Every structure is written in C-alpha cells, then in structure tokens.
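J.: Residue numbers (this note's numbering), protein chains in the order written: chain A, 280 to 388; chain B, 4 to 551.
Cβ atoms here follow ideal geometry from the backbone N, Cα and C, with glycine treated the same way.
On a predicted model such as this, the values are computed, not experimentally measured, just so you know.
For reference, the structure I am asking about is given below.
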Amino acid sequence: MKEQAMPNSALVASALLTNAVGLHARPSVKLTQLAKSFASHVELALHRDGPWVDAKSPVKIMRVKAPKGAMLYFRARGSDARAAIASLVALVDSRFDEDEHETGERAHG
Amino acid sequence: MGEIRLRGRPAAPGFARGPLVTLEARARRRLPNADPAQEASALRAALAAAAAQLVSLRSHTNGTGADILGFQLALLEDDALREPVLTRIAAGAAADEAWSAVLDAEIADYASAADEHFQARTADLKDLRDRVLACLSGDEDLPIAPGAVLAARDFPPSRFLSLDWSKGGAIILAGGSPTSHVAMLARARGVPMIVGLGISALALSGEALVDGRSGEAVIEASPETQRLFESRREVVTASDAEAAKLLDQPAVTRNGVRIAMHINIADPDELDRVDRATCDGIGLVRTELLFHRSADLSDEEAQYAAYRRIIAWAQGRPVTIRTLDAGGDKPIAGLTLDGESNPFLGVRGIRLSLLRPEIFRVQLRALARAAVHGCVKIMLPMVTVPGELAAARALLEQEVAALQNAGIAARRPPLGIMVEVPAAAIAVEAFDADFFSIGSNDLTQYVTAAGRDIAAVADLADPLNPAVLRLIANVARHGRLSGREVSLCGDAGGDPALVPALLGAGVRALSVAPAALAATKAAIAAIDVEEAGAAPLARLRSEADADG
C-alpha cells in the first residue's frame, strides 16, 4: 500500500483488484459495509485523478464496474481516515476473503 | 402436434421432467394518488415492505442465496437509488413510474457492460424493481406447483429462493446467462437450467424434458424421445456417481486401453478451478474470447501474457491453442464480414486469418514467443485445402525467423489442423499437418447439412450418423498409419452416450469441457474398445476389403 497526504488532509492509497470477477456484487457489498463502519468521508476511483464516487454507496460502486486487474484508488477525509484507508486496502488485498469457486464459475461446453 | 426441440446454453446440469409453466410478466396496475407527498409515502412503505421480505427470505437461506439477497438489500437501502425516485415523485410522477424509470436506467447501464458478470446483474435489479412494484400494487406471486419446468424471459433470484425445488423442476429461459445469480443458485441447488432458448420457448405448453447438461429441452416428446431421455438420464446419473471416484484417475477402458484426456477452455480464468492432475493437458484453447474487442486483436503482449498464463498452469503438459476461429456464429465487430448469406459457409476460421494476415501474424508471433515456455501446439480451424495449411506454415516460419533475428526468444511449435470440413476429413492424407483434431460439432453439421443453430433440424445433426463416424474413423486410421496424433475436441467427446462410438471409430484422445472430465472417464471405464462401435468398424473393414 502506498499512502500519501493530499491537500486539505485527504489520504489516498491504491490497491490492485485481483479477485476473479472484479468489483462485483458480493465484493461491493463487503466494501461498502466496511466503508460505512468509518466516520470519515470515503471515496473510490479507478484513476488517481477520479472521478471519485462515494465508497459507502453500493449502487455507485457497482456503476464503476471495476474489472479484475483494475487499480482501485481510495480517498478518505476525516477523523479515522487513516484506519479507513488501511482497512479498505487490506480488504482488496485479501481478495475480499472470497471463496472464488462459485463467484468466478463459468458454464462449460 | 409433434415434439418440439429447443436448444440453448447449458446453465446448470441435471435432468428434469415436468409440466411446462410459462411465467409471464404480469402487467401491474395501481391507481396513483395526485398528491406527491402520498406517493412518496407509498414508495417508502413499499421499500420497507420489500426490505422486510428480503430480510425474511434471507433468514431462511444460506450460502450464495443469502449473499445475493444481501446484495439486493444493500441496493434497496442505498440513498443513491432512493433519492432520484423521490425527486421524480416530487416533480409529479407516480411512485411506480418513478421507481421503474430509475431502476430501468440502472438496468440499462448494467446491460451495456462489457463484462458478462456485470451484465448478469441486470436480473438482480429487475428482481428488485418487480418486488417493489408488487409491494406498491399489493400483488403477490402466483403459487407454482413443485416439479414444474418454468419458462420465462428471465428469472429473479429471490423467486428462485422462494420456491420448493425438493420435488424436482427446472428453469428454461428465453434470455439469461450462465453467469447470472439464478444460474449459480440453480447449480448449487442441483436444479437443471438452460438459458438463451429464444422467445419461442414462451409460447409452448405440455410436458417438458430438460437436459441441463446438453442444453436441450423437448416439449411433448415422442415415446422414442422419452425412452432415449430416460436412458441418457440413467447413463449420466450412473456415471456421475462413479465420476467422483474416477476424476483423479487416468482414463482407461475396461480392457485396459489408455485414453488421453485433455480439456477445452475458452478463458484462462477457467483453469483456476481445474486440478491439473485430472487431465493430460489442454486439447483446445479457444482464443476468440480473448478478443472481445477488435482492438485486442493487434495487442501481441496481451495475447502473449494470456498464453503464458495457460502454459504455466499446464506445467509441461501439452497445450493446443487454436488460432482465431471468428466468423460463423462467432462474429467479431470490425473483423468478420457482415451480411454473408450463410456465415457457416463463409469467411471463418483460417479463411478469415489468411484474408487478414496482419492480424494473423500478431497471433502467430505471440504463440511462437509463448512456445518457448512449454509444450505448445498451434491448431488451425476450418482448413479445407492443403494450401491453407502451407500458407499458414509459411507465415509462422516468417514470424519465427523475424523474432529470432530481432533477438526475441521464439520457437516454431508443431502446426496441426482441425478436421471439421468434410473435404479435410475425406482426403485427410493430403494434409501434411503435425497433428489432427476432429471438431465433431462442425463436422457433423457440415456432413449432415443440418445447422447447429436451427432447432428444427437438430435431429439430423447427429454425430452418430454412420457417415460422420466413418469420417472420424478415416481420420483416426490415417493418424495411426502416419504416426500423427489424432484427437477429438467437439462436444461429442464429452457426451457419455457418444464416447463408445468415438472410441469404436478408433479415437484414442478426447478433449472435453473440464466439467465433463469425470463423466467421460466413467464412460470410458465402462467399455471395451473392441466391443464398442464394433459394428461401424466392421462395416469399414468390409468396405475396405471390397475396395481391395
């Protein structure tokens, strides 16, 4: 995790999305639930320059349609910003603790 | 009325037999209130009721089902979805109109996604939309008799979870996707499911037979079809039971003949879920799906990376990679020709690659570079005349030489052909290929002149047609006589009912979908190769004698 201070004290960090099907239904729910557990304003983007979306909204996170292999950027501003960023990056790094057998399954034949 | 056969994409394996019930999206009518405040309050009540239903449903569900309901609940409770609806209501829209408009826009956004997994989420949003609409209008879903075969355009996951599947039943969809949530639920619950049958499936009634493994449904089946269905169900059920034991074993016939078992893949991701010890290698890598966009066609590095990943997985086992087989039923925007009157007889496979050598050379370079890292073989699709093989070989050798001259590691892998055009199967000895792989799907459709995509002639497209088996035997015999490897990589190889005839025709290497490995090994273990298919072989011998 690379972390750096931004103007007006926002923190930004990035993590590589490596789970089988990208930022998908279950990962989105886990990510937003984790984001909601922090008081800080937390946002997500596919590029360092944004556009940023509210990381606490599953509807907005799903609209991002982040595919496997995408770099996710997190930005947080608030009292627990550092903890929020660290937790979200850890969640992505752990592949959302997913059992990938069914999420990534495809029909054969 | 005669029987009606429908063919779609398999989404969940298994057999089912039951009355066909078509689920129409019922028009829901409610009388809106003129007062926006009352409409807003009706919406909030409906959202609360829908959330309560989902919570209640989730409490009776576990695993994947609970996760899907949790996803729907998370969307339902998101202000990002509610606020635009309330804004529309404040501007005078009725609650149901406003809700539908916002959800439909969201659905359209998902439907436009490039990734099939995201596209498949449209079913969750439709499910959510309809649940809230039902709460607004006070509708309840009609009860469905257990054991029914349900036909619909699409099927909501929450509806699936609310039904009793203990008495059997199946789902057949006009649209849908094998990666949808409901398909995942169906696989987990063992409910057979077929998708992509077309809207004609929604206008039928009567008894339905569903084979979720082959993707075929038959309505009002003839007694003969019913008999075949039941015997196939028995064969598959028995082989499934044996399968678990045989998956880790090499494929050997009852009388001890070793059959090489390879797998077919279309996407490197599939390998994450396959134990490499269960197969002898990869017999067919379809490369079409690596090129969703025509821009990818010229990306040598992306292709090289994908091939490297597959080769690394194989750990020295052979990997047969088929060059781009676009055209026919697999168009690629910007590459394949539009407006061909019969695309299956048009510019597809190697014909297209030779017509667009600038794209073909990119793939050959990526393959030659990847070949340094493992046992790679290149296979050309749709070869009709020896000149196509010679032309492809010349291009490959030029690219290998160019790479080596530039100091880039490259190797010239063995170059073989698919045998799927009757001209190649009949005069196979005219082709100086390093190996042959029989594409039984196309070979069958071309020999029987019965299109794979035309349900009305599906009966004719029979791999057991003696003419098809005779050509397969011809290719296998040529392989034995000339010392070149012959394999079969069509769907027939993974169909336990067809395996005896294929081995009887002399085939000793099969390449099948990973999901079909176990059942195929079980089918192989149950037969003696001299016995199975003895009749067609005997016929061939007697004909050869007569010729001599």
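By Cβ distance, which residues of its chain are closer than 7 Å to Pro39 (chain B), with the 5 residues on each side in sequence left out?
T.: One-based indexing of the second sequence puts residue 39 (chain B) at position 36. Hits under 7 Å: Ile92, Ala93, Gly95.
J.: Could you check which residue in B:Pro181, B:Arg325, B:Ser344, B:Val350 has the C-alpha nearest to that of Ile335 (chain B)?
T.: Sequence index remark: in the second sequence, residue 335 (chain B) carries index 332 (1-based). Closest option to Ile335 (chain B), Cα to Cα, is B:Val350.
J.: Can you have a look at Lys524 (chain B) and say buried or exposed, based on whether 16 or more other CB atoms are within 10 angstroms of its CB?
T.: On the second sequence, residue 524 (chain B) is found 521 positions in, with the first residue counted as 1. That one is buried.
J.: Nearest to Gly509 (chain B) by alpha carbon, out of B:Val238, B:Leu484, B:Ala97, B:Ala518?
T.: Stepping through the second sequence from its first residue, residue 509 (chain B) is reached at position 506. Checking every option, the nearest Cα to that of Gly509 (chain B) belongs to B:Leu484.
J.: Nearest-angstrom Cα distance between Thr256 (chain B) and Leu506 (chain B)?
T.: As a working mapping, residue 256 (chain B) is identified with position 253 in the second sequence. As a working mapping, residue 506 (chain B) is identified with position 503 in the second sequence. Thr256 (chain B) and Leu506 (chain B): Cα-Cα distance of roughly 10 Å.
J.: Looking at the structure shown, is Ile147 (chain B) part of a helix, part of a strand, or coil, going by DSSP?
T.: One-based indexing of the second sequence puts residue 147 (chain B) at position 144. Correct three-state label for Ile147 (chain B): coil.
J.: Enumerated in chain order, which unbroken segments of the beta strand (DSSP E) with a length of 3 residues or greater are wholly contained in the stretch 128–204 of chain B?
T.: Segments of the beta strand (DSSP E) lying fully in the stretch 128–204 of chain B: 152–155, 173–176, 196–198.
J.: Under 7 Å between beta-carbons, which chain B residues line up against Arg305 (chain A)? List them in chain order, please.
T.: Locating residue 305 (chain A) in the first sequence gives position 26, where the first residue counts as 1. Those are Asp70, Phe74, listed as they occur along chain B.
J.: Output, in chain order, the set of chain B residues within a Cβ distance shorter than 9 Å of Thr311 (chain A).
T.: To locate residue 311 (chain A), count along the first sequence from 1; it is residue 32. Result: Ala77, Asp81.
J.: Taking the Cβ atom as the reference point for each residue, do Trp168 (chain B) and Val194 (chain B) lie within a distance shorter than 8 Å?
T.: The residue given as residue 168 (chain B) occupies position 165 in the second sequence. The residue given as residue 194 (chain B) occupies position 191 in the second sequence. Yes.
J.: Could you please tell me which residues of the stretch 83–110 of chain B, in chain order, have their CB closer than 9 Å to any CB of chain A?
T.: Hits within the stretch, in order: Ala83, Leu84, Glu109.
J.: At which residues does the beta strand (DSSP E) containing Lys380 (chain B) begin and terminate?
T.: Translated into positions along the second sequence, residue 380 (chain B) becomes position 377. Note, Lys380 (chain B): beta strand (DSSP E), 379–383.
J.: Within its chain, find whatever has a CB closer than 6 Å to the CB of Pro346 (chain A); leave out the 5 residues flanking it on each side and keep chain order.
T.: Within the first sequence, residue 346 (chain A) is the residue found at index 67, counting from 1. Gly301.
J.: Are the CB atoms of Gly330 (chain B) and Thr339 (chain B) nearer to each other than 8 Å?
T.: Taking the second sequence and counting its residues from 1, one reaches residue 330 (chain B) at position 327. Taking the second sequence and counting its residues from 1, one reaches residue 339 (chain B) at position 336. It is a contact, given that the beta carbons lie within the stated cut-off.
J.: Is there a Cβ from chain A that is less than 8 Å from the Cβ of Phe121 (chain B)?
T.: Here residue 121 (chain B) refers to the residue found at position 118 when the second sequence is read from its first residue. Output row for Phe121 (chain B): interface = yes.
J.: Under the three-state reduction of DSSP, which class applies to Phe121 (chain B): helix, strand or coil?
T.: Against the second sequence, residue 121 (chain B) aligns to sequence position 118. Here Phe121 (chain B) sits in helix by DSSP.
J.: Please check if any C-beta of chain A sits within less than 8 Å of the C-beta of Asp445 (chain B).
T.: Reading the second sequence from its first residue, position 442 is the one you call residue 445 (chain B). Asp445 (chain B) does not count as touching chain A.
J.: Just verifying my parser: in three-state terms, what is the DSSP assignment at Glu80 (chain B)?
T.: Within the second sequence, numbered from 1, the residue matching residue 80 (chain B) stands at position 77. If DSSP states are grouped into helix, strand and coil, Glu80 (chain B) belongs with coil.
J.: Please classify Ala519 (chain B) as buried or exposed, where buried requires at least 16 neighbouring CB atoms within 10 angstroms.
T.: Stepping through the second sequence from its first residue, residue 519 (chain B) is reached at position 516. The residue in question, Ala519 (chain B), is buried, as its Cβ has 16 or more Cβ neighbours within 10 Å.
J.: Is the beta carbon of Asp243 (chain B) sitting closer than 8 Å to the one on Ala522 (chain B)?
T.: Within the second sequence, numbered from 1, the residue matching residue 243 (chain B) stands at position 240. Within the second sequence, numbered from 1, the residue matching residue 522 (chain B) stands at position 519. The answer is yes: Cβ separation under 8 Å.
J.: Can you check whether the C-beta of Asp272 (chain B) is within less than 8 Å of a C-beta belonging to chain A?
T.: In the second sequence, residue 272 (chain B) corresponds to position 269, counting from 1. Yes, Asp272 (chain B) counts as interfacial toward chain A.
J.: Scan the stretch 412–468 of chain B and note each continuous beta strand (DSSP E) run of 3 residues or more that stays entirely inside, going in chain order.
T.: Those beta strand (DSSP E) runs which fall completely within the stretch 412–468 of chain B and span 3+ residues are 418–422, 438–441.
J.: Below 8 Å between beta carbons: does that hold for Ala19 (chain B) and Val213 (chain B)?
T.: For the purposes of this step, residue 19 (chain B) is identified with residue 16 of the second sequence, where counting begins at 1. For the purposes of this step, residue 213 (chain B) is identified with residue 210 of the second sequence, where counting begins at 1. Yes.
J.: Just verifying my parser: in three-state terms, what is the DSSP assignment at Arg487 (chain B)?
T.: Locating residue 487 (chain B) in the second sequence gives position 484, counting from the first residue. Coil, per DSSP.
J.: Throw me the rounded Cβ distance for the Pro499 (chain B) and Val238 (chain B) pair, which I believe falls under 8 Å.
T.: Here residue 499 (chain B) corresponds to residue number 496 of the second sequence, with the count starting at 1. Here residue 238 (chain B) corresponds to residue number 235 of the second sequence, with the count starting at 1. Correct: roughly 5 Å between the Cβ atoms.
J.: Please classify Pro337 (chain A): is it buried, with 16 or more other beta-carbons within 10 angstroms of its beta-carbon, or exposed?
T.: On the first sequence, position 58 is the one that residue 337 (chain A) refers to. Buried: at least 16 other Cβ atoms inside 10 Å.
J.: Which whole-angstrom value describes the C-beta separation of Ala427 (chain B) and Val471 (chain B), a residue pair presumed to lie in contact below a C-beta threshold of 8 Å?
T.: The residue given as residue 427 (chain B) occupies position 424 in the second sequence. The residue given as residue 471 (chain B) occupies position 468 in the second sequence. About 14 Å separates the two Cβ atoms, so there is no contact after all.
J.: Of all Cβ atoms in chain B, is any one closer than 8 Å to the Cβ of Pro330 (chain A)?
T.: In the first sequence, counting from the first residue as 1, residue 330 (chain A) sits at position 51. Not closer than 8 Å to any Cβ of chain B, the Cβ of Pro330 (chain A) fails to qualify, so no.
J.: Quick check: what's the CA-CA separation for Leu406 (chain B) versus Ala324 (chain A)?
T.: As a working mapping, residue 406 (chain B) is identified with position 403 in the second sequence. As a working mapping, residue 324 (chain A) is identified with position 45 in the first sequence. Cα to Cα, Leu406 (chain B) sits roughly 40 Å from Ala324 (chain A).
J.: Can you list, in chain order, the residues of its chain whose CB lies under 7 Å from that of Asp359 (chain A), leaving out five sequence neighbours each side?
T.: For the purposes of this step, residue 359 (chain A) is taken as the residue at position 80 of the first sequence. These residues qualify, in order along the chain: Phe317, Ala318, Ser319.
J.: Suppose you measure from the CA of Tyr310 (chain B) to the CA of Leu370 (chain B); what does that come to, to the nearest Å?
T.: The residue given as residue 310 (chain B) occupies position 307 in the second sequence. The residue given as residue 370 (chain B) occupies position 367 in the second sequence. In a straight line, the C-alpha of Tyr310 (chain B) is about 7 Å away from that of Leu370 (chain B).
J.: Ala45 (chain B) and Leu106 (chain B): beta carbons closer than 8 Å?
T.: Taking the second sequence and counting its residues from 1, one reaches residue 45 (chain B) at position 42. Taking the second sequence and counting its residues from 1, one reaches residue 106 (chain B) at position 103. Contact: no.
J.: With distance defined between alpha-carbon atoms, name the residue in A:Leu370, A:Lys339, A:Ala334 nearest to Arg354 (chain A).
T.: For this step, residue 354 (chain A) is matched to residue 75 along the first sequence. Out of A:Leu370, A:Lys339, A:Ala334, A:Ala334 has the C-alpha closest to the C-alpha of Arg354 (chain A).
J.: DSSP puts Thr25 (chain B) in a beta bridge; with which residues?
T.: In the second sequence, the residue the question calls residue 25 (chain B) occupies position 22. According to DSSP, which records beta bridges pairwise, Thr25 (chain B) is partnered with B:Ala154.
J.: Grab me the residues of Gln312 (chain A)'s own chain with a C-beta within less than 8 Å of its C-beta, minus the 5 sequence neighbours each way, in chain order.
T.: For the purposes of this step, residue 312 (chain A) is taken as residue 33 along the first sequence, with counting starting at 1. Nothing meets the Cβ criterion.
J.: What is the rounded straight-line gap between the Cα of Asp494 (chain B) and the Cα of Gly150 (chain B)?
T.: Translated into positions along the second sequence, residue 494 (chain B) becomes position 491. Translated into positions along the second sequence, residue 150 (chain B) becomes position 147. If I take the Cα positions, the gap works out to 29 Å.
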